[in-house]
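K.L.:
Got a structure for you, written out below as structure tokens; questions coming shortly.
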Amino acid sequence: MASGTGLIYNEQMMSYNLLWDYPVCSIEIPERLSASYEKLKYYGLVERCIPLSVREAIEEEIMLAHSLDYLEAVKSTASMNVEELKTFSYNYGDVYFHPNSYHCAKVSLGATLQLVDAVMLDRVRNGMALVRPPGHHSQKSEACGFCVFNNVAIAAKYAKQAYGTKRILIVDWDVHHGQGTQYAFEEDPSVLYFSWHRYEHQQFWPNLKDSDYDVVGKGSGTGFNINIPWNKVGMGNADYLAAFLYILLPMAYEFNPELILVSAGFDSAIGDPEGEMCATPECFAHLTQLLMPLANGKLCVVLEGGYNLRSLSESVCMTVRALLGDPVPPLVGQMAPCISAIETIQNVRAVHQPYWNYLKNHDSFFIEDLSTKKRNIGIEEGNSESSAATNAEEKNITMVSKVNQDFDEFMDSHMKKVLVLAPRVRTALASCGEKLTRLDQCLQVEEKKIAMEEVGVLISGGDCAHLKDENLLLSLGKIFPLIDKITKREVRNGVVVSPMLSSGAFAARYSTTVGASRVLLLVLGEADIPTDKDDEKILVVQIYGKQDEKRQSNYYIPICWKENNEWDGDLLYTLLEFILPLAYGHRPELVILAVGSNIGIQAFTLAHLTHLLQVLAEGRILVISRASDLVETLMSSLLGDPISTMRPFALKQENALVLVKLRRELKQHWKLLQNSVN
Ligand code: Q9C
Ligand code: ZN
1416 MASGTGLIYN EQMMSYNLLW DYPVCSIEIP ERLSASYEKL KYYGLVERCI PLSVREAIEE
1476 EIMLAHSLDY LEAVKSTASM NVEELKTFSY NYGDVYFHPN SYHCAKVSLG ATLQLVDAVM
1536 LDRVRNGMAL VRPPGHHSQK SEACGFCVFN NVAIAAKYAK QAYGTKRILI VDWDVHHGQG
1596 TQYAFEEDPS VLYFSWHRYE HQQFWPNLKD SDYDVVGKGS GTGFNINIPW NKVGMGNADY
1656 LAAFLYILLP MAYEFNPELI LVSAGFDSAI GDPEGEMCAT PECFAHLTQL LMPLANGKLC
1716 VVLEGGYNLR SLSESVCMTV RALLGDPVPP LVGQMAPCIS AIETIQNVRA VHQPYWNYLK
1776 NHDSFFIEDL STKKRNIGIE EGNSESSAAT NAEEKNITMV SKVNQDFDEF MDSHMKKVLV
1836 LAPRVRTALA SCGEKLTRLD QCLQVEEKKI AMEEVGVLIS GGDCAHLKDE NLLLSLGKIF
1896 PLIDKITKRE VRNGVVVSPM LSSGAFAARY STTVGASRVL LLVLGEADIP TDKDDEKILV
1956 VQIYGKQDEK RQSNYYIPIC WKENNEWDGD LLYTLLEFIL PLAYGHRPEL VILAVGSNIG
2016 IQAFTLAHLT HLLQVLAEGR ILVISRASDL VETLMSSLLG DPISTMRPFA LKQENALVLV
2076 KLRRELKQHW KLLQNSVN
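Shown next, in the form of structure tokens:
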């Protein structure tokens, strides 16, 4: 099992810079690398990573994505004077050359390939390469947008060739469209390319029709090119998250990659002069952690853009923290995507419906004409009546101007708010007497005796039939001490075996009395959950098979599925497209997952579930399992081990319809549930 996070940094890549006055290129400076690295040192993150060395890429590698003519042309720049460099640079769009550019581009690519090697050979589990020049705009015979060689595209071709990697996912979260990468794989079904980018109906650079959502790939690669064009600036955490939850993640699970490469540009972060977006640094920790359960944890993050040094370096640190397995800070801001983002997401889902199973059951249709019409006849967007997403949109715009006033001050106070200390111990286990392999890595917590009266006061309404059950008090005797340790931040998460799922409800109540302001209780299986259905502190989501007319409120959400077998696919997609959007809106400080036995869910699905739920509540999660044979798997996932990949499962149609109905009822209250404008 590979462990550790590789980090690549090398000052060689700082040895080129802009030699003449060329405003569009003035932001791509050497300090982008040193500022990122200094910040990593400042936070003590460098010493926690495994340093990886760089090398120059060889010509054969460069030519995996570039023509010989282009290679020779770039090579010739090494001996040019400034006048010649100028002339050469102006052959291309928004790129400059320096006598050291060729060398740096070879090191930048070589560094990327070193990271791929380290991950593929299990020397590290994942890693990040701080490189420049960036790569994703460069094409077969063309430099473009500060990019010389396409590092990530070549890395994908290299992995296919050197390791026989069959499916590679490229996630391009840079704010620009990596058209170079798109062109490299548009006919290749083995590379799924996902890019979001500032587009503004083609008004933003590189102003290509090819960047729109309806460009989906060609030939056998049709359906494997995913463009998310943002038609407004000011996109923030909720918008990015919605794109991940409703498009990228379900698609990625269906695609089942063996390797993930991230074209990690941080010009999509707040304060960047190019992107003018609003995502805060911790958003990138969320994006990273959400990708980590895929591809057996094989995740290579490669720097692309990012031009606000403060925002860039904080975002790099957040990404590295997530790679290291640190708890991710909660996301700030109202978790409501803006109307423009919802439009984009709806269009992407509609255009990809023919190619992806998970989209088959959605009643999606285009609203394409809306956006285009607006541009053509000059109508201002907005006023889509009922939607409070308009507010989010306005909020984003005020945030942009506020940011311009004093960015560093904003960032100082923001980082002070979000930086969280990881508990010293990751996982606690209530005494269970089982022989477990990872026991030595867990904290064993002693049970205590709980009196009936202590539990009685936790339930309003006085329905205390449960209290007669001795098993309940015994279970709570194990659970309460675990909750104490988690809320006191002595441990991050915990697992306990309990024969009663209803103990989850008492656990949730108890945690609100010891300091958790909001709790998410997710119950898998049939059980009577004695809880106040209108208690806004506790959001209960219960999934079970029996048809049942339980009363539903915004805070008690039963999901009744039709068949009682093989729920793995249903559960995973429900988590991504329904439970996580709800949960991000609730902002729990503790997650309690209660797992029944014989519920038609396999252990590794639960591992994915527990990994993904750790994006919430700074990773504070208590798992209560009825079945003791699940503990081993649950523990491993809580400890942060890589998870074996899931076979692509589908969401069954009748269960999809259950979600459609619930979404309609709940999206007014839980805004992140909105994934279409109708
Ligand atoms: N303001 C990367 O982020 N200039 N390249 C655009 C419009 C080119 C960005 C001008 C930006 C290139 C890797
Ligand atoms: Zn960029």
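Using my numbering, you'd call the opening residue of the sequence shown number 1416 and step up by one each time. Virtual Cβ for every residue (Gly too), placed ideally from N, Cα, C. Computed from a prediction, not measured in an experiment: that's the story for all the values here.
(1) Cα separation between residue 1804 and residue 1756?
(2) I need the DSSP call for residue 1711, collapsed to helix, strand or coil.
(3) So, under 8 Å CB-CB, residue 2101 and residue 1897 are touching, yes? Tell me the CB distance rounded to an integer number of Å.
(4) Using the DSSP secondary-structure output, state which residues sit across from residue 1554 in a beta bridge.
(5) Are the beta-carbon atoms of residue 1996 and residue 2087 separated by less than 8 Å?
(6) May I ask whether a heavy atom of the ligand ZN can be found less than 7 Å away from the beta carbon of residue 1443?
(7) Looking only at its own chain, which residues have a Cβ that is under 6 Å from the Cβ of residue 2028, when we skip the five neighbours before and after it?
(8) Give a yes or no on whether 8 Å exceeds the smallest Cβ distance from residue 1975 to chain D.
(9) Smallest Cα separation from residue 1830: which of 2061, 1473, 2054, 1733?
(10) May I have the straight-line CA-CA distance separating residue 2033 from residue 1598, to the nearest angstrom?
(11) Whole angstroms are fine: how far does the CA of residue 1728 sit from the CA of residue 1562?
(12) If you draw a straight line from the alpha carbon of residue 1865 to that of residue 1923, how long is it in whole angstroms?
(13) Taking 7 Å as the cut-off, is the C-beta of residue 1591 nearer than that to any heavy atom in the ligand ZN?
(14) Report, in whole angstroms, the separation of the C-beta atoms of residue 2066 and residue 1988, which I expect to be a contact under 8 Å.
(15) Note down, in chain order, each residue of its chain lying with its Cβ closer than 6 Å to the Cβ of residue 2010, except the 5 sequence neighbours on either side.
(16) Among 1457, 1718, 2049, which has the Cα closest to the Cα of residue 1428?
(17) Let me confirm a value: residue 1836 is counted as buried when at least 16 other C-beta atoms fall within 10 Å, else exposed. Which label applies?
(18) Hey, is residue 1680 close to the ligand ZN, as in C-beta under 7 Å from one of its heavy atoms?
(19) Assign residue 1780 to one of two classes, buried (16 or more other C-beta atoms within 10 Å of its C-beta) or exposed (fewer than that).
(20) Can you tell which of 1821, 1438, 1742 has its C-alpha closest to the C-alpha of residue 1838?
(21) Check for me: the beta strand (DSSP E) holding residue 1612 runs from which residue to which?
(22) Under three-state DSSP, which class holds residue 1772?
(23) Below 6 Å CB to CB, which residues in the same chain sit around residue 1977 once its five sequence neighbours on both sides are set aside?
(24) Report, in whole angstroms, the separation of the C-beta atoms of residue 1626 and residue 1604, which I expect to be a contact under 8 Å.
(25) Quick one: give me the first and last residue of the alpha helix (DSSP H) that residue 1678 is part of.
(26) Based on Cα-Cα distance, which residue from 1907, 1681, 1917, 1873 lies nearest to residue 1890?
(27) Does DSSP put residue 1719 in a helix, in a strand, or in coil?
(28) Would you mind giving the Cβ-Cβ distance between residue 1986 and residue 1944, rounded to the nearest angstrom? I have them listed as a contact below 8 Å.
(29) Return the chain-ordered list of same chain residues with a C-beta closer than 7 Å to the C-beta of residue 1574, the five sequence neighbours on each side being excluded.
(30) I need the straight-line Cα distance from residue 1476 to residue 2050, nearest angstrom please.
(31) With respect to 7 Å, is the separation between the Cβ of residue 1552 and the closest non-hydrogen atom of the ligand Q9C below this value?
(32) For the segment 1583-1595 against the segment 1672-1688, are there 3 or more C-beta pairs whose distance is under 8 Å?
(33) Just list the residues that DSSP pairs residue 1953 with in beta bridges.
(34) Rounded to the nearest angstrom, what separates residue 1648 and residue 1613 at their Cα positions?
(35) Quick check on residue 2091: does DSSP put it in helix, strand or coil?
(36) Use the C-beta contact count for residue 1793: other C-beta atoms within 10 angstroms, 16 or more gives buried, fewer gives exposed.
P.N.:
Let's see:
(1) Note that residue 1804 has pLDDT 45, beneath the 50 cutoff, so the model's placement of it is unreliable and the number below is only indicative. Roughly 10 Å between the two C-alpha positions.
(2) Residue state, collapsed to three classes: helix.
(3) Nothing about residue 2101 can be read from this structure; the chain reaches only from 1416 to 2093.
(4) Bridge partners of residue 1554: 1557.
(5) If you check the CB distance, residue 1996 and residue 2087 come in under 8 Å.
(6) No, the Cβ of residue 1443 stays beyond 7 Å of every heavy atom of the ligand ZN.
(7) In chain order, 2006, 2036 place their CB closer than 6 Å to the CB of residue 2028, counting only its own chain and leaving out the 5 sequence neighbours on each side.
(8) Considering every chain present, this structure includes no chain D. It has just one protein chain.
(9) Of the listed residues, the one whose Cα sits closest to residue 1830 is 1733.
(10) C-alpha separation (whole angstroms): 39 Å.
(11) Each residue's alpha carbon lies about 20 Å from the other.
(12) Roughly 16 Å separates the two Cα atoms.
(13) With a threshold of 7 Å, the Cβ atom of residue 1591 counts as near the ligand ZN, since some heavy atom of the ligand is closer than that.
(14) Contact flag correct, Cβ pair sits at about 4 Å.
(15) Here the set comprises 1939, 2040.
(16) Residue 1428 has its Cα closest to that of 1718, out of 1457, 1718, 2049.
(17) Under this definition residue 1836 is an exposed residue.
(18) In this structure, the ligand ZN has a non-hydrogen atom nearer than 7 Å to the beta-carbon of residue 1680.
(19) Classification for residue 1780: exposed.
(20) Closest by alpha carbon: 1742.
(21) In this chain, the beta strand (DSSP E) harbouring residue 1612 covers 1606-1613.
(22) When DSSP states are grouped into helix, strand and coil, residue 1772 belongs to the helix group.
(23) Here the set comprises 2069.
(24) No, residue 1626 and residue 1604 are not in contact; Cβ-Cβ is about 21 Å, not under 8 Å.
(25) Counting along the chain, residue 1678 falls outside any alpha helix (DSSP H), though it belongs to the beta strand (DSSP E) covering 1674-1679.
(26) Out of 1907, 1681, 1917, 1873, 1917 has the C-alpha closest to the C-alpha of residue 1890.
(27) Residue 1719: coil per DSSP, three-state reduction.
(28) 18 Å between Cβ atoms; not a contact.
(29) Correct list, in chain order: 1531, 1535, 1580, 1583, 1674.
(30) Their backbone Cα atoms lie some 42 Å apart in a straight line.
(31) Correct: residue 1552 has its Cβ closer than 7 Å to the ligand Q9C.
(32) Contact annotation: the segment 1583-1595 touches the segment 1672-1688, with at least three C-beta pairs closer than 8 Å.
(33) Answer by DSSP bridge pairing, in chain order: 1934.
(34) Separation of residue 1648 and residue 1613 (C-alpha to C-alpha, rounded to the nearest whole angstrom) is 7 Å.
(35) In this structure, residue 2091 counts as coil in the three-state DSSP scheme.
(36) At residue 1793 the pLDDT is 44, less than 50, meaning the model places this residue with poor confidence and gives no usable figure here.
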